[in-house]
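Visitor: One structure is given below, represented as C-alpha cells, and several questions about it will come after.
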Amino acid sequence: MAVCFLSASAQEEQTVITFQAGKFTVSVLSEGGGMRNSDLLRGATPEQLQKYLPDGTFPLETQVFLVRTPDKNILIDTGHGKNLFKNLQTLGLDENKIQTILLTHLHGDHIGGMLREGKATFPDAEVYLAKKEYDYWLNLGERGTAARNVFDVYKDKIHLFEPVEPEKQAKDLIPGVKAIAAYGHTPGHTAYLIQSDDAKWLIWGDLTHAMPVQMPCPQVAMSFDVNADDAVRSRQKLLAYILENNIIAGGMHVPFPAVGYISKGKTEGYAFAPMCFCEGI
Ligand SMILES: [Zn+2]
427 MAVCFLSASA QEEQTVITFQ AGKFTVSVLS EGGGMRNSDL LRGATPEQLQ KYLPDGTFPL
487 ETQVFLVRTP DKNILIDTGH GKNLFKNLQT LGLDENKIQT ILLTHLHGDH IGGMLREGKA
547 TFPDAEVYLA KKEYDYWLNL GERGTAARNV FDVYKDKIHL FEPVEPEKQA KDLIPGVKAI
607 AAYGHTPGHT AYLIQSDDAK WLIWGDLTHA MPVQMPCPQV AMSFDVNADD AVRSRQKLLA
667 YILENNIIAG GMHVPFPAVG YISKGKTEGY AFAPMCFCEG I
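Just so we're aligned: the sequence shown equals residues 427 to 707 in this note's numbering.
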C-alpha cells in the first residue's frame, strides 16, 4: 500500500503529522486531550475492564484531518477550534485556503472551529454533512443551538447527502471521497473513505472513543452514543470492512498519530497498530 510519511511538527501542544496517500496528502492535526474514566463506558464486563483498562482510565484525544488533493484542501471536522489554526499555519495554510469541510457529526468537539465571534471561520468552504445529521440537530431544541448556528451562518454553502453502506459501489461525494454510513454515535454519523491510486483511507469520526477496550471489544459503547446498539453495529461492520479490504484507518479520538492498521486481535476482536512515524522512509 502506498503510504509515505512526509513530515511532523510538535511544539508543546501543537502537533501535526502528514502522510502521502496516492496523489493526496493526509495530515492529522491534534487538538490535544487527556485521560478519561472508564465509567463513561457502557456494556463492558468487569473482566474486560480489568484486562484492558487496569487503572480504570483511557486516553481520549481529539484530531482534525486535512486532506489535500491536487484541486482542494479538505478539512474533515474542525475539532474544538483550539490548536487548529496554529496547526494549519504550520502547513502554510490559513482559513481562506480551505475549500471543503466534511463533517462526521455535529458534536461540539467536531464543529468547534466552524465559527468565530458568530462568523464563518472558513468563508470559502463548502460544507458537507448527512441529511439525517442535519435533521437531528435541527429538531433537538436547546441542545442543538450550536449546530443550528453553524447551519445559519453557512446556509448557502451547506450540502446534504445520504451516506452509503461501505460495500456499495457508490458515486464519490466529491472526487476521491465517499461518504459511508456509520450511524449510532449520532443518527447521521458519517465516515469518509478517501481513495487516490491504490491508497485507501477510512477516516471514521467517532467510531471509537476508548481504543484500548473498543478494539478488542467493539461491543462496548460510550455513554454519549445517541444509540449505543447502532453504534456497536456500525463499529463491528466497519472494522470488519477495513480488515477485509486492507484499508488504513484514522479516527478523531484515536490517540496521535491517529492513523494505522487493523488486524485481528490476539484473543478477541481487533487490534490497532499506529502508523509508524518513520514509515516509508
Ligand atoms: Zn467526538
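Glycine residues also receive a C-beta, built at the ideal position from the N, C-alpha and C atoms.
Per DSSP, which one or two residues make a beta bridge with residue 585?
Guide: Here residue 585 corresponds to residue number 159 of the sequence shown, with the count starting at 1. Note: residue 585 sits in a beta bridge opposite 554.
Visitor: Within 10 angstroms of the Cβ of residue 631, are there 16 or more other Cβ atoms? Answer buried if so, exposed if not.
Guide: Working through the sequence shown from its first residue, we reach residue 631 at position 205. Counting Cβ neighbours within 10 Å, residue 631 comes out buried, since at least 16 surround it.
Visitor: When burial is assigned at 16 or more other CB atoms within 10 Å of the CB, is residue 695 buried or exposed?
Guide: The residue given as residue 695 occupies position 269 in the sequence shown. Residue 695 comes out buried.
Visitor: Contact defined as beta carbons within less than 8 Å: I believe residue 526 pairs with residue 552. What is the distance between those atoms, to the nearest angstrom?
Guide: Along the sequence shown, read from residue 1 onward, the residue named residue 526 stands at position 100. Along the sequence shown, read from residue 1 onward, the residue named residue 552 stands at position 126. The Cβ separation is near 5 Å, so the contact holds.
Visitor: Between the C-alpha atoms of residue 581 and residue 537, what's the straight-line distance to the nearest angstrom?
Guide: Here residue 581 refers to the residue found at position 155 of the sequence shown. Here residue 537 refers to the residue found at position 111 of the sequence shown. Whole-angstrom Cα-Cα distance: 15 Å.
Visitor: Looking at the structure shown, is residue 473 part of a helix, part of a strand, or coil, going by DSSP?
Guide: Against the sequence shown, residue 473 aligns to sequence position 47. Three-state result, residue 473: helix.
Visitor: Using a 10 Å radius around the Cβ and a threshold of 16 neighbouring Cβ atoms, would you call residue 453 buried or exposed?
Guide: Residue numbering aside, residue 453 sits at position 27 when the sequence shown is read from its first letter. The residue is buried, with at least 16 neighbouring Cβ atoms inside 10 Å.
Visitor: Alpha carbon to alpha carbon, what distance is there between residue 486 and residue 509?
Guide: Sequence index remark: in the sequence shown, residue 509 carries index 83 (1-based). Sequence index remark: in the sequence shown, residue 486 carries index 60 (1-based). Approximately 16 Å between the Cα atoms of the pair.
Visitor: Could you tell me the distance, in whole angstroms, from the CA atom of residue 440 to the CA atom of residue 616?
Guide: To locate residue 440, count along the sequence shown from 1; it is residue 14. To locate residue 616, count along the sequence shown from 1; it is residue 190. Per-residue confidence for residue 440 stands at a pLDDT of 49, beneath the threshold of 50, marking its modelled position as unreliable; the derived number appears in the next sentence. Going from the Cα of residue 440 to the Cα of residue 616 covers about 27 Å.
Visitor: I need the straight-line Cα distance from residue 594 to residue 646, nearest angstrom please.
Guide: Locating residue 594 in the sequence shown gives position 168, where the first residue counts as 1. Locating residue 646 in the sequence shown gives position 220, where the first residue counts as 1. So the two alpha carbons sit approximately 27 Å from each other.
Visitor: By a C-beta neighbour count over all protein chains shown, 10 Å radius and 16 as the cutoff for buried, is residue 611 buried or exposed?
Guide: The count along the sequence shown starts at 1 and reaches residue 611 at position 185. Burial call: buried.
Visitor: Going by Cα to Cα distance, which pick from 547, 585, 607 and 637 is closest to residue 524?
Guide: Translated into the one-based positions of the sequence shown, residue 524 becomes position 98. For the residues 547, 585, 607 and 637, the minimum Cα distance to residue 524 belongs to 547.
Visitor: Which residues share a DSSP beta bridge with residue 420?
Guide: The structure shown does not extend to residue 420, since the chain spans only 427 to 707, so no value can be given for it.
Visitor: I'd like to know if the region 657-670 and the region 493-511 are in contact, where contact means that at least 3 CB-CB pairs between them fall below 8 Å.
Guide: no
Visitor: Identify which residue in 450, 609 and 444 has its Cα closest to the Cα of residue 624.
Guide: Reading the sequence shown from its first residue, position 198 is the one you call residue 624. It is 450.
Visitor: Which residues count as close to ligand 1 when the rule is a CB under 6 Å from any of its heavy atoms, in chain order?
Guide: 533, 535, 536, 632, 678 and 679
Visitor: Return the chain-ordered list of same chain residues with a C-beta closer than 7 Å to the C-beta of residue 599, the five sequence neighbours on each side being excluded.
Guide: Position 173 of the sequence shown, counting from 1, holds the residue named residue 599. The beta carbon of residue 599 sits closer than 7 Å to those of 554, 587 and 605, all from its chain and outside the five residues before and after it, given in chain order.
Visitor: On the three-state DSSP scale, how would you describe residue 692?
Guide: Walking along the sequence shown from the start, residue 692 turns up at place 266. Assigned with DSSP and collapsed to three states, residue 692 falls in coil, not helix or strand.
Visitor: Which residues does DSSP list as the beta-bridge partners of residue 375?
Guide: Examination of residue 375 is not possible in this model, given that the chain is present from 427 through 707 alone.
Visitor: Below 8 Å between beta carbons: does that hold for residue 457 and residue 506?
Guide: Position 31 of the sequence shown holds residue 457. Position 80 of the sequence shown holds residue 506. For residue 457 and residue 506, yes; Cβs fall inside 8 Å.
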